[in-house]
Amino acid sequence: MEALSFPINTLTNSRATYISLTATNSYASLSSLQFNSFSTIRHLSSKKSVIRVQAEGEDYELKQMRDMAAARKRWEALIRDGKVNVLTPREAGYAVQLSNKPLLDVRPSSEHKKAWVRASTWIPIFDVDDKLDFGTIPRKVTNFVMGGWWSGIPTLSYDSQFLAKVEEKFPKDSELIVACQKGLRSLAACELLYNAGYENLFWVQGGFEAAEDEDLIVEGRVPLKFAGIGGVSEFLGWTDQQRAAAAKEGWAYRLVFSARLVGVFLVADALYIGAQQIGRYLHDIRTH
Numbered sequence: 001m002e003a004l005s006f007p008i009n010t011l012t013n014s015r016a017t018y019i020s021l022t023a024t025n026s027y028a029s030l031s032s033l034q035f036n037s038f039s040t041i042r043h044l045s046s047k048k049s050v051i052r053v054q055a056e057g058e059d060y061e062l063k064q065m066r067d068m069a070a071a072r073k074r075w076e077a078l079i080r081d082g083k084v085n086v087l088t089p090r091e092a093g094y095a096v097q098l099s100n101k102p103l104l105d106v107r108p109s110s111e112h113k114k115a116w117v118r119a120s121t122w123i124p125i126f127d128v129d130d131k132l133d134f135g136t137i138p139r140k141v142t143n144f145v146m147g148g149w150w151s152g153i154p155t156l157s158y159d160s161q162f163l164a165k166v167e168e169k170f171p172k173d174s175e176l177i178v179a180c181q182k183g184l185r186s187l188a189a190c191e192l193l194y195n196a197g198y199e200n201l202f203w204v205q206g207g208f209e210a211a212e213d214e215d216l217i218v219e220g221r222v223p224l225k226f227a228g229i230g231g232v233s234e235f236l237g238w239t240d241q242q243r244a245a246a247a248k249e250g251w252a253y254r255l256v257f258s259a260r261l262v263g264v265f266l267v268a269d270a271l272y273i274g275a276q277q278i279g280r281y282l283h284d285i286r287t288h
């Protein structure tokens with residue numbers, strides 16, 4: 001899972017606080033790279049460097065966890081004080097279909113392009129970070145190593161123009177329904193919008209992932225629940241959403257993913273055997 005950091009203004013409009021939406025051991029894999037050495041002295045100095053980097057990493061993660069806990073308290077206060085209203089996905093569907101209430105989809109493009117609610121407005125609070133520079137490459141590598149390969153979640157960056165884009169589309173007296181895939185990013189968006197002067201906000205609890213097929217009119221190539229999954233877990237059918245679908249669909253649905261799993265094992269065996277053959281071939285070349 002990727003670690004997402006973005007500036008969120010507190011309810012008192014004090015300075016921006018950086019919040020991590022997911023906690024990862026981003027320095028664990030980095031530290032292991034420091035132990036390659038060519039001498040005992042270099043090994044010892046590298047080991048000290050690793051300890052220092054690991055300590056800094058732990059401090060960073062503790063700070064991120066504290067910031068996340070503080071953010072959750074603020075979000076809970078928004079809901080508890082009635083500053084943000086709560087809707088179920090079904091209630092949101094009724095509001096959109098029967099009352100023509102605007103639905104703001106704040107998901108990243110990687111999720112939105114798979115499935116979206118008809119007539120919704122898409123303005124991501126985060127989007128896929130396509131930059132390739134010294135600042136983003138380490139984040140991309142860390143994200144991949146720490147679970148991106150499994151979940152398929154790309155590295156995301158906060159869109160600093162999010163508020164400006166929303167204000168361009170919706171006046172501040174709009175009754176605005178805000179939703180994302182699981183409900184966390186949309187809560188962060190609600191806080192930003194409330195601090196910017198939007199007071200008629202409705203948050204979709206649980207996000208689109210909690211919606212049933214009949215709750216919302218959906219367009220796209222996959223069910224709305226599946227828009228947030230990807231990577232190896234999706235390919236093998238090991239996500240919670242796919243398990244739930246398998247329980248409804250029966251053995252035929254499971255058979256597809258069982259065949260994929262068998263295929264993965266066959267490919268892995270073929271690669272292993274091929275590597276052995278190449279190793280023997282290279283060994284024969286050296287010995288002759």
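Position 191 (the sequence shown) corresponds to 191 in the UniProt record's numbering; numbering is contiguous. Where is the CB? At the ideal position from N, CA and C, for every residue including glycine. From a predicted model like this one, the values you see are computed outputs, not experimental measurements.
Query	Result
Boundaries of the beta strand (DSSP E) in which E219 is found, first to last residue	V218 to G220
CA nearest to the CA of E175, picked from K140, Q161 and L193	L193
Close Cβ partners of S29 (< 8 Å) along its chain, the five nearest in sequence each way excluded	Summary for S29: the model assigns pLDDT 31, below 50, so the residue's position carries little reliability; its value from the coordinates is reported in the next sentence. Cβ within range, chain order: T142, V145 and M146.
Cutoff 8 Å: C180 Cβ touching any chain C Cβ	Annotation note: the requested chain C is absent from the structure, which comprises a single protein chain.
Where the beta strand (DSSP E) containing Y158 begins and where it ends	L156 to Y158
Whole-angstrom distance between E199 and Q241, CA atom to CA atom	34 Å
Residue range of the beta strand (DSSP E) that includes N85	V84 to L87
Nearest to L103 (by Cα), restricted to the options S186, S160 and V232	S186
Secondary structure of V106, DSSP reduced to three states	coil
At least three beta-carbon pairs within less than 8 Å, the region 99-119 to the region 164-181	yes
W122 in three-state terms, based on DSSP	strand
Cβ contact (3+ pairs, closer than 8 Å) linking the region 231-240 and the region 215-222	no
Which of helix, strand or coil DSSP assigns to W251	helix
D127 burial status per 10 Å Cβ neighbour count (16 or more: buried)	buried
Whole-number beta carbon distance between V232 and W149, since they are thought to touch under 8 Å	6 Å
Backbone CA spacing between H112 and S120 [nearest angstrom]	11 Å
D215 in three-state terms, based on DSSP	coil
Three-state secondary structure (DSSP) of F170	coil
Of the listed residues I285, L156, E209 and G183, nearest to A244 (C-alpha basis)	E209
Boundaries (first-last residue) of the beta strand (DSSP E) holding V178	L176 to A179
Exposure label - residue 357; buried when at least 16 CB within 10 Å	This structure gives no information on residue 357, because the portion of the chain shown stretches from 1 to 288.
Pair within 8 Å by beta-carbon distance, A188 and L163	no
8 Å Cβ cutoff met for K114 and A227	yes
Own chain residues within Cβ distance below 7 Å of E191, not counting five before or after	I8, R74, W75 and L78
Which of helix, strand or coil DSSP assigns to I278	helix
Where T24 sits in the DSSP three-state scheme	Interpretation of T24 is limited by its pLDDT of 35, a score under 50 that renders its predicted location unreliable; the figure taken from the coordinates is listed afterwards. Reduced to three states, the DSSP call for T24 is coil.
Reference K83, options A275, G250, L201 and Q181, closest by Cα	L201
Selected residue, minimal CA-CA separation from Q181, among E212, K165, R72 and E168	E212
L187: first and last residue of the uninterrupted alpha helix (DSSP H) it sits in	L184 to N195
Distance, G250 Cα to K172 Cα	48 Å
When G220, R118, V86 and D130 are compared against Q205, the one with the closest alpha-carbon	V86
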